[in-house]
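Engineer: Residue numbers (the UniProt record's numbering), protein chains in the order written: chain A, 1 to 443; chain B, 1 to 443.
1. Note down, in chain order, every chain B residue with its Cβ under 9 Å from the Cβ of residue 156 (chain A).
2. So is residue 10 (chain B) buried or exposed if we call it buried at 16+ other beta carbons inside 10 Å?
3. Using the three-state DSSP reduction, which class does residue 264 (chain B) fall into: helix, strand or coil?
4. To which residues does DSSP link residue 281 (chain A) through a beta bridge?
5. Grab the span of the alpha helix (DSSP H) containing residue 150 (chain B) for me, first residue to last.
6. Quick one, which residues of the stretch 233-253 of chain A are near chain B if we go by CB-CB under 7 Å, in chain order?
7. From the beta carbon of residue 81 (chain A), is the nearest beta carbon of chain B less than 7 Å away?
8. Below 8 Å on the Cβ atoms is my guess for residue 5 (chain A) versus residue 38 (chain A); work out the distance and round it to an integer in Å.
9. Might you give, ordered along the chain, the residues of its own chain that have their beta carbon closer than 6 Å to the beta carbon of residue 46 (chain B), omitting 5 neighbours on each side?
10. Buried or exposed, going by whether 16 or more other CB atoms sit within 10 Å of the CB of residue 127 (chain B)?
11. Which two residues bound the contiguous alpha helix (DSSP H) that contains residue 116 (chain B)?
12. Which residue marks the beginning of the alpha helix (DSSP H) containing residue 423 (chain B), and which one marks its end?
13. Are the beta-carbon atoms belonging to residue 302 (chain A) and residue 166 (chain A) less than 7 Å from one another?
14. Can you give, in chain order, each stretch of the alpha helix (DSSP H) that sits fully within the stretch 371-396 of chain B and has at least 4 residues?
15. How many Å lie between residue 291 (chain B) and residue 275 (chain B) at the Cα?
16. Hey, would you say residue 311 (chain A) sits closer than 7 Å to residue 325 (chain A), going by beta carbons?
17. Kindly list the residues whose CB is nearer than 7 Å to the CB of residue 304 (chain B), restricted to its own chain and excluding five residues on each side of it in sequence; keep chain order.
18. So that I know if they touch, is there some Cβ in chain A lying closer than 7 Å to that of residue 159 (chain B)?
19. In chain order, which beta strand (DSSP E) runs of at least 3 residues are fully inside the stretch 305-334 of chain A?
20. In whole angstroms, give me the CA-to-CA distance for residue 149 (chain B) and residue 248 (chain B).
21. Against chain A, does residue 5 (chain B) count as a neighbour if the rule is that its beta carbon must be under 7 Å from one of theirs?
22. Please return the same chain residues whose Cβ sits closer than 6 Å to the Cβ of residue 404 (chain B), not counting the five positions on each side in sequence.
23. In chain order, what residues of the same chain have a beta carbon less than 8 Å from the beta carbon of residue 177 (chain A), not counting five sequence neighbours either side?
24. Please classify residue 30 (chain B) as buried or exposed, where buried requires at least 16 other C-beta atoms within 10 Å of its C-beta.
25. Indicate the three-state DSSP secondary structure (helix, strand or coil) for residue 513 (chain A) in the structure shown.
26. Does any residue of chain B bring its CB to less than 7 Å from the CB of residue 169 (chain A)?
27. I need the straight-line Cα distance from residue 91 (chain A) to residue 122 (chain A), nearest angstrom please.
28. By how many angstroms is the C-alpha of residue 109 (chain A) removed from the C-alpha of residue 131 (chain B)?
29. What's the gap between the Cα of residue 428 (chain A) and the Cα of residue 361 (chain A)?
30. Whose CA, out of A:406, A:309, A:307, A:338, lies closest to the CA of residue 347 (chain A)?
31. At the 7 Å Cβ level, is residue 381 (chain B) part of the contact set with chain D, yes or no?
32. With distance defined between alpha-carbon atoms, name the residue in A:322, A:390, A:191 nearest to residue 250 (chain A).
33. If contacts are defined as beta-carbon pairs under 8 Å, then residue 318 (chain B) and residue 143 (chain B) qualify, I think. What distance do you get, rounded to the angstrom?
34. Under 7 Å, do residue 339 (chain B) and residue 80 (chain B) count as touching if we go by C-beta distance?
35. Taking DSSP's pairing of strands, which residues face residue 1 (chain A) in a bridge?
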């Protein structure tokens with residue numbers, strides 16, 4: 001029994017591929033190797049490129065996987081080069097033939113892809129292993145897009161009675177202006193959100209006054225009065241509508257809120273909770289803490305209960321696989337859901353592998369996890385591992401504490417992503433300070 | 001207890017409003033008066049204009065409704081004039097105030113609109129009667145669009161295991177060309193379908209050979225070889241993508257199929273069958289027969305069972321109100337579903353009013369209904385009623401047979417729409433010949 005693991009990249013996640021600059025593509029390519037965390041003995045992994053040997057050995061060492069048993073496939077470079085695994089690459093005769101050959105020799109019983117779009121459905125069908133992809137027929141008709149559309153989410157959440165921020169799904173400039181003015185002229189703030197985007201990169205905050213702290217979007221635009229709002233909508237229309245006159249969301253922005261999520265695995269039997277977490281927004285997602293530390297237990301219960309309810313709607317529609325409900329928790333404890341992501345998220349490898357396999361389920365309730373990117377600057381990934389070991393900070397399977405380097409972006413940005421595991425938030429924060437002191441940034 | 005009846009018109013039904021020529025708008029305006037069939041004593045009706053007196057008296061006479069008890073409201077003309085009830089007109093302060101005043105004096109417990117878009121949700125909220133609109137929160141977030149999108153339909157049907165024609169949801173020219181070529185080069189035919197359109201007006205049939213009979217689309221385009229397909233996709237791209245780079249459907253076209261439907265009423269309790277029918281495609285919808293006469297009983301059972309299954313998915317998502325599952329029945333009896341319409345359809349007034357109220361539920365299983373437009377040319381609607389009466393063809397409530405003039409397009413096209421009611425198909429056909437002999441076209 002093997003799992004087919006596909007580290008694909010789609011426009012539904014990153015926006016129009018043609019607009020992704022080459023250095024960003026290179027960065028996505030290194031990020032794509034994180035899918036190795038999912039691998040178990042005998043699995044088949046499709047990556048944009050053959051992985052970095054050091055990273056492969058490190059990851060499989062921690063997951064107790066024999067890398068020699070893995071079959072790693074890479075299709076020829078595509079329209080956007082060799083760094084990202086785009087839909088066109090998954091449609092090449094070479095990868096279809098390679099997968100068909102491998103599938104003939106192994107019993108592939110499961111498929112884990114980042115985003116099960118129609119190219120994934122087509123690949124597994126043409127390679128003869130479509131039965132391994134849960135919800136194949138739904139994926140083949142682009143059903144997964146429904147579980148990732150922010151506009152669809154608002155309707156489904158409303159139908160389920162799950163709380164969302166007041167707002168609208170805008171399709172025409174006039175209604176966008178009216179909705180933004182309705183919020184701003186009453187002293188509130190607005191967030192505009194592209195229908196498809198990730199990590200806050202498709203969002204922008206609008207405020208009638210300066211000084212609002214951004215969270216979940218890169219920037220805050222101050223707009224005073226209808227003419228300024230009209231000009232903003234006109235100038236940003238192409239961006240707001242995803243370059244294709246698409247609908248987008250305008251909703252009330254709540255400052256000083258915590259962003260949290262409840263992630264589930266949707267199967268024929270139901271949506272099973274995979275875990276919860278709290279996103280570090282600075283001002284867009286840079287990391288996360290598992291479990292959430294800034295949310296009261298009763299609020300967390302509500303997050304899980306309502307998140308389960310809305311994810312169940314998508315499951316009932318035909319969605320199978322990982323699905324995550326995101327919400328903001330206002331300072332008064334109000335929970336407002338913002339979207340679902342029917343794909344692997346930036347959190348899934350933590351719950352699925354770091355929590356459940358590396359640290360182990362028996363310690364799940366006795367550990368706090370903090371993952372963060374961009375803060376550990378090093379000359380090489382191997383060098384970073386050495387520094388951690390020398391400082392006594394490397395993850396120790398015996399104690400289930402320490403620092404794991406979950407992703408290697410060193411070749412493009414000089415940064416490695418770390419995940420600190422410790423007994424409580426205070427210990428995690430202390431360890432994180434030690435790690436940051438090892439960074440070239442601290443020099 | 002009053003029902004609020006709104007005869008609205010949206011882009012999701014007719015396509016971009018700016019592209020609808022004035023004579024077509026005038027025609028839609030006369031068609032809008034068909035909503036009077038729904039009225040019962042004390043109801044509130046919002047129409048684009050005050051109705052024609054003769055039509056009002058005729059309809060209410062047959063439904064045994066006192067027209068003096070009806071409150072008929074009309075908003076000021078909108079961006080597209082006075083003939084069609086567009087979303088902008090439903091947002092005017094005048095109609096909000098008028099409805100609020102009426103709602104304060106009557107107990108409005110139900111809303112029937114043609115299409116419950118966000119403008120309907122907003123109007124009833126602002127007028128203080130949103131509780132009368134089932135599924136209000138879902139409508140307010142544009143959820144109804146999900147139950148009308150042909151692309152969403154394919155995913156939901158696939159998820160429910162309901163059969164659909166082989167095809168794809170196209171988003172890029174290259175994949176459209178590949179899908180069309182895949183069908184045509186193997187000797188099959190294709191149908192391209194705009195995501196949002198009605199009555200076959202958003203469809204086109206593509207064939208590798210001349211001579212295919214069109215049904216469900218105005219025309220057949222013959223395409224030979226990839227260069228011709230590429231040219232077709234390029235030239236038609238704006239139309240195919242709804243003028244806004246929208247996805248569209250490409251699926252296998254089955255010639256000589258029957259188009260049939262199963263229509264349901266979705267409530268908190270479930271989807272209840274309203275009725276079935278067979279669409280007369282010449283080559284687009286010109287009328288229908290209730291119940292279907294060209295479909296075997298076992299096939300009709302499958303149509304109802306699978307139609308129920310897919311409509312239930314939309315109900316579970318939050319949709320409430322009328323919902324219709326359309327299918328084609330291939331010559332070999334195979335049933336392939338093509339779309340759902342989460343709105344009032346061209347059939348609903350027949351089931352809801354002509355079958356259930358004018359003829360009466362006790363006679364439902366002993367009557368065949370045939371409605372057809374465009375074939376009865378007359379100088380005036382009143383004159384047409386006189387001709388029917390003089391020929392002894394007027395509907396007789398005592399026998400539950402005869403001819404009902406269900407719509408009045410005489411002022412724009414010189415045509416009235418008739419519905420023949422009789423004991424069996426043979427009698428219906430004989431009566432229809434008599435009616436057509438009364439037409440100016442027969443002279």
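Beta carbons are placed, not taken as given, at the ideal position from N, Cα and C, and that holds for glycine.
Only a predicted model underlies this, so the values are computations on that prediction, with no experimental measurement involved.
Structural biologist: If we stick to the structure as given:
1. Simply 138, 141, 143, 146, 317, 318.
2. Burial is judged here by how many other beta carbons sit within 10 angstroms of a residue's own beta carbon; residue 10 (chain B) has at least 16 and is buried.
3. For residue 264 (chain B), the secondary structure class from DSSP, reduced to helix, strand or coil, is strand.
4. Within the DSSP secondary-structure output, residue 281 (chain A) pairs in a beta bridge with A:285.
5. Where residue 150 (chain B) is concerned, the enclosing alpha helix (DSSP H) starts and stops at 150-160.
6. Residues passing the 7 Å Cβ filter: 244, 245.
7. With a threshold of 7 Å between beta carbons, residue 81 (chain A) makes no contact with chain B.
8. About 5 Å separates the Cβ atoms of residue 5 (chain A) and residue 38 (chain A), confirming a contact at the 8 Å cut-off.
9. The answer, listed in chain order, is 6, 73.
10. With 16 or more Cβ atoms within 10 Å of its Cβ, residue 127 (chain B) is classed as buried.
11. Premise fails: residue 116 (chain B) is in no alpha helix (DSSP H) and is neither H nor E.
12. Residue 423 (chain B) -> no alpha helix (DSSP H), and no H or E assigned at all.
13. No.
14. As far as the stretch 371-396 of chain B is concerned, its whole alpha helix (DSSP H) runs of at least 4 residues are 381-390.
15. Distance between the alpha carbons of residue 291 (chain B) and residue 275 (chain B) is about 8 Å.
16. In contact: residue 311 (chain A) and residue 325 (chain A) (Cβ atoms closer than 7 Å).
17. Hits under 7 Å: 262, 273, 276.
18. For residue 159 (chain B), the answer is yes, since a Cβ of chain A falls inside 7 Å of its Cβ.
19. Within the stretch 305-334 of chain A, the complete beta strand (DSSP E) segments of 3 residues or longer fall at 321-329, listed in chain order.
20. In this structure, the straight-line span from the alpha carbon of residue 149 (chain B) to that of residue 248 (chain B) is close to 9 Å.
21. No, no contact with chain A.
22. Excluding positions up to five away in sequence, the list reads 395, 419.
23. Excluding sequence neighbours, residue 177 (chain A) sits near 226, 229, 230, 233.
24. Counting Cβ neighbours within 10 Å, residue 30 (chain B) comes out buried, since at least 16 surround it.
25. The first residue shown for chain A is 1 and the last is 443, placing residue 513 (chain A) beyond what the model contains.
26. Residue 169 (chain A) counts as touching chain B.
27. About 8 Å.
28. Linking residue 131 (chain B) to residue 109 (chain A) through their CA atoms gives a straight-line distance of about 48 Å.
29. Between residue 428 (chain A) and residue 361 (chain A), the C-alpha separation is close to 19 Å.
30. When the alpha-carbon of residue 347 (chain A) is set against those of A:406, A:309, A:307, A:338, the nearest one is in A:406.
31. Protein chains in the displayed structure are A and B, and chain D is not among them.
32. The candidate whose alpha carbon is nearest that of residue 250 (chain A) is A:191.
33. So it is a contact: roughly 5 Å between Cβ atoms.
34. At least 7 Å separates the beta-carbon of residue 339 (chain B) from that of residue 80 (chain B).
35. Looking at the DSSP assignment, residue 1 (chain A) forms no beta bridge with any residue, so it has no partner.
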